[in-house]
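FYI, in mature numbering (1 follows the signal peptide of the UniProt record, and there is no 0) the residues of the sequence shown are -23 to -1, 1 to 178.
These notes are about the structure you will find just below.
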Amino acid sequence: MQLTTALLSVFAAAAAAAPATEGASCTPPPRRFGIMALRSASPIHFGEIIASENKMALGLAESEINAQCADGAAKKEATFYIRDGELFLYTPNDTVQQFFTDRSGMGQGVIQYVTYKKGETPNFGARSETKGWVVDENDNLTFNGNSLQACPWDPATPNATKWYIWMSGVEKPAGQEGCLGFNARTVTTAKPVQCTYSQRV
């Protein structure tokens, strides 16, 4: 009994003195995911969220997305991740593309992303919010309890096939007609590819 206790003490002391295994204290990478719009019996049902010209969108052609991806392939859908309640696109290491929303009377729930270099301080605007993104128990993306809605890219076009994404809460943001609320279902991306998504000129 005494011998066993002594051996355990030696092993415990050796473990305490041993250097930490490389990478043992590293935080695992955040989950990378795509977003699918769910709204039954609507033109956006099962649509995959795209990132283009600083916006989230649905229904754009590959030629309208113009993402520059590490594997050289055209990407129809965007890959996202959340860190500390903030939403990002999955980009190359030196480039950051981060989302904000403006739910003030001026912004009315606009959602856009800003591009900047790692280490720089981004300019989101005085009324903008970045923190509050979560994936809920149903795997839906929300922002401080608010879901998303899709509004026609060109309100003058009947039977819209292209949409861009706003925060829910305002029925007709910026006067947009025909907006459709939806569940933003997140789907884990098994093999995410880093891309830099297009910016509005």
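Glycine is no exception: its CB is placed at the ideal position from the N, C-alpha and C atoms.
Assuming V170 and Q85 form a contact by the criterion Cβ under 8 angstroms, report the distance between their Cβ atoms to the nearest whole angstrom. Here residue 170 refers to the residue found at position 193 when the sequence shown is read from its first residue. Here residue 85 refers to the residue found at position 108 when the sequence shown is read from its first residue. At roughly 33 angstroms, the Cβ-Cβ gap does not stay under 8 angstroms, so V170 and Q85 are not in contact.
Counted within 10 angstroms of its Cβ, other Cβ atoms place Y67 as buried (16 or more) or exposed: To locate residue 67, count along the sequence shown from 1; it is residue 90. That one is buried.
Residue range of the beta strand (DSSP E) that I27 falls in?
The residue labelled residue 27 in the question sits at position 50 within the sequence shown. Note, I27: beta strand (DSSP E), 27 to 29.
* **Distance between beta carbons of G24 and L37, contact taken as under 8 angstroms** => Start at 1 with the first residue of the sequence shown, and residue 37 comes out as number 60. Start at 1 with the first residue of the sequence shown, and residue 24 comes out as number 47. In fact, because the Cβ distance is near 10 angstroms, the residues do not count as touching under 8 angstroms.
Checklist entry - Does the Cβ-Cβ distance between S145 and L118 come in under 9 angstroms? => result For the purposes of this step, residue 145 is taken as residue 168 along the sequence shown, with counting starting at 1. For the purposes of this step, residue 118 is taken as residue 141 along the sequence shown, with counting starting at 1. Result no, Cβ atoms of S145 and L118 do not sit closer than 9 angstroms.
Please list the terminal residues of the continuous beta strand (DSSP E) segment that includes E63. To locate residue 63, count along the sequence shown from 1; it is residue 86. Looking at the DSSP string, the run of the beta strand (DSSP E) that includes E63 is 63 to 66.
So, are the CB atoms of N115 and K95 less than 9 angstroms apart? Within the sequence shown, numbered from 1, the residue matching residue 115 stands at position 138. Within the sequence shown, numbered from 1, the residue matching residue 95 stands at position 118. No. Outside cutoff.
Report task. Just confirm the distance between the C-beta atoms of I21 and W140, as a whole number of angstroms; I'd bet it's less than 8 angstroms. Result -> Taking the sequence shown and counting its residues from 1, the one referred to as residue 21 is at position 44. Taking the sequence shown and counting its residues from 1, the one referred to as residue 140 is at position 163. Yes, I21 and W140 are in contact; Cβ-Cβ is about 6 angstroms, under 8 angstroms.
Measuring only the C-alpha atoms, how far is R16 from T173?
Position 39 of the sequence shown, counting from 1, holds the residue named residue 16. Position 196 of the sequence shown, counting from 1, holds the residue named residue 173. One C-alpha to the other measures close to 29 angstroms.
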